[in-house]
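Student: Here's a structure for you.
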Amino acid sequence: DTGVSQDPRHKITKRGQNVTFRCDPISEHNRLYWYRQTLGQGPEFLTYFQNEAQLEKSRLLSDRFSAERPKGSFSTLEIQRTEQGDSAMYLCASSPRTSGRAGETQYFGPGTRLLVL
Amino acid sequence: DQQVKQNSPSLSVQEGRISILNCDYTNSMFDYFLWYKKYPAEGPTFLISISSIKDKNEDGRFTVFLNKSAKHLSLHIVPSQPGDSAVYFCAAIGTGGFKTIFGAGTRLFVKA
Numbered sequence: 648d649t650g651v652s653q654d655p656r657h658k659i660t661k662r663g664q665n666v667t668f669r670c671d672p673i674s675e676h677n678r679l680y681w682y683r684q685t686l687g688q689g690p691e692f693l694t695y696f697q698n699e700a701q702l703e704k705s706r707l708l709s710d711r712f713s714a715e716r717p718k719g720s721f722s723t724l725e726i727q728r729t730e731q732g733d734s735a736m737y738l739c740a741s742s743p744r745t746s747g748r749a750g751e752t753q754y755f756g757p758g759t760r761l762l763v764l
Numbered sequence: 006d007q008q009v010k011q012n013s014p015s016l017s018v019q020e021g022r023i024s025i026l027n028c029d030y031t032n033s034m035f036d037y038f039l040w041y042k043k044y045p046a047e048g049p050t051f052l053i054s055i056s057s058i059k060d061k062n063e064d065g066r067f068t069v070f071l072n073k074s075a076k077h078l079s080l081h082i083v084p085s086q087p088g089d090s091a092v093y094f095c096a097a098i099g100t101g102g103f104k105t106i107f108g109a110g111t112r113l114f115v116k117a
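Protein chains in written order, with this note's numbering: chain A, 648 to 764; chain B, 6 to 117.
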């Protein structure tokens, strides 16, 4: 399977703990995105990488959230001091380099479902 | 504020008939629109897209129509099949940006 993979698929943690999620994009894709999805809503943009550079961050990404893509391949999303409101599905997506337009045809992973108790 | 709105949370259609999913947007600076389909326990899958300079794009059974004056787009599925039962997300990208804004989704049920 050469699609986008995410690990873990499920995470249960206690409030105040730190969690880290990993995303492995499709190998030739240089663009990587993180989204958060809560029940009954569509994915909400969190942040975007082009290669290893983090080019855009949403206001949703508070200082408790940090994302990295150190070698321009896999990415991690860390949430520090988790809160119950952080419970959601965290989706990663990647896309290939396009002629100039960004964001089209993003390929999504299956997501990591986080539950904060 | 919701820049992309899907006002119908669900839609039920008989197999073989047309499914029409609607989406409204408020930001006239969006220049690309997309539809994604999502099955349970999977991430969204790209379905079809349309540039703001066009009013129609067709791919097999799927056609997307864009009405810029009304800030409205729709996805037509003809004929609908039971395998089309999924959640459909409308999404938009702004000019020069990378951020994709998604609607809340419409759950489509296609009855055999």
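We treat Cβ as the ideally placed atom computed from N, Cα and C, and that holds for glycine. Since we're looking at a predicted model, the values are computed, not measured.
Are the beta-carbon atoms belonging to B/F38 and B/L78 less than 8 Å from one another?
Tutor: Cβ distance < 8 Å, so B/F38 and B/L78 count as in contact.
Student: In terms of alpha-carbon separation, which member of B/P45, B/K43, B/Y41, B/D36 lies closest to B/K59?
Tutor: Closest by alpha carbon: B/D36.
Student: Below 6 Å CB to CB, which residues in the same chain sit around B/F70 once its five sequence neighbours on both sides are set aside?
Tutor: So the list reads K61, S79, once near-sequence residues are dropped.
Student: Note the first and the last residue of the continuous beta strand (DSSP E) segment covering B/F114.
Tutor: Taken as a continuous stretch (DSSP letters only), the beta strand (DSSP E) holding B/F114 covers 111-116.
Student: Quick one: measure Cβ to Cβ for B/I82 and B/S13, integer angstroms, because I've assumed they're closer than 8 Å.
Tutor: Contact doesn't hold; Cβ gap of about 14 Å is too wide.
Student: On the DSSP letters alone, give me the boundaries of the beta strand (DSSP E) that B/G99 sits inside.
Tutor: Run containing B/G99: 91-99, per the beta strand (DSSP E) assignment.
Student: Quick check: what's the CA-CA separation for B/T68 versus A/Q753?
Tutor: Answer to the nearest angstrom: the Cα atoms are 19 Å apart.
Student: Helix, strand or coil, according to DSSP, for A/Q727 in the structure here?
Tutor: Three-state DSSP puts A/Q727 in coil, outside helix and strand.
Student: Judging by CA-CA distance, which residue of B/M34, B/L16, B/E20 is the nearest neighbour of B/K26?
Tutor: In the sequence under discussion, the amino acid at residue 26 of chain B is Leu, which differs from the Lys named in the question. If we check each option's Cα against that of B/L26, B/L16 comes out closest.
Student: Counting only beta-carbon atoms, is A/S746 nearer than 8 Å to chain B?
Tutor: Because A/S746 carries a pLDDT of 49, less than 50, the predicted location of this residue cannot be relied on, and no value is offered for it.
Student: Any beta carbon from chain A within less than 8 Å of B/K76's own beta carbon?
Tutor: No, its Cβ sits nowhere closer than 8 Å to a Cβ of chain A.
Student: By the three-class DSSP mapping on this structure, what secondary structure does B/D60 have?
Tutor: Coil at B/D60, not helix or strand.
Student: I'd like the list of long-range same chain contacts for A/R683, defined as Cβ closer than 8 Å, with 5 residues on each side in sequence excluded.
Tutor: Excluding residues within five positions, the ones whose Cβ falls inside 8 Å are P690, E691, L693, L707, A735, M736, Y737, L738.
Student: Could you give the distance in angstroms between the alpha-carbon of A/S746 and the alpha-carbon of B/T31?
Tutor: Caution applies to A/S746, whose pLDDT of 49 falls short of 50 and renders its modelled position unreliable; the model cannot decide the point.
Student: Take the Cβ of B/Y44 as the centre, count every other Cβ of all protein chains shown within 10 Å, and call the residue buried at 16 or more, exposed below.
Tutor: So B/Y44 counts as exposed.
Student: Tell me which same chain residues have a C-beta within less than 6 Å of the C-beta of A/Y727, skipping the five on either side of it?
Tutor: Per the sequence shown, the amino acid found at residue 727 of chain A is Gln instead of Tyr. Excluding sequence neighbours, A/Q727 sits near N665, R711.
Student: If I measure Cβ to Cβ from B/R112 and keep anything under 6 Å in the same chain, skipping five residues before and after, which residues do I get?
Tutor: Only S15, V92 meet the Cβ criterion.
Student: What did DSSP end up calling A/D654 once you bin it into helix, strand or coil?
Tutor: Of the three classes helix, strand and coil, the one that applies to A/D654 here is strand, per DSSP.
Student: Does any residue of chain B bring its CB to less than 8 Å from the CB of A/F668?
Tutor: No, because no Cβ of chain B sits closer than 8 Å to the Cβ of A/F668.
Student: Would you tell me roughly how many angstroms separate the C-alpha atoms of A/A749 and B/P87, rounded to the nearest one?
Tutor: Its pLDDT being 45, under 50, A/A749 is placed unreliably in this model, and the value from its coordinates should be taken loosely. Near 33 Å, if we compare the C-alpha coordinates of B/P87 and A/A749.
Student: What do you reckon, are the CB atoms on A/T759 and A/P655 nearer than 8 Å?
Tutor: Cβ distance < 8 Å, so A/T759 and A/P655 count as in contact.
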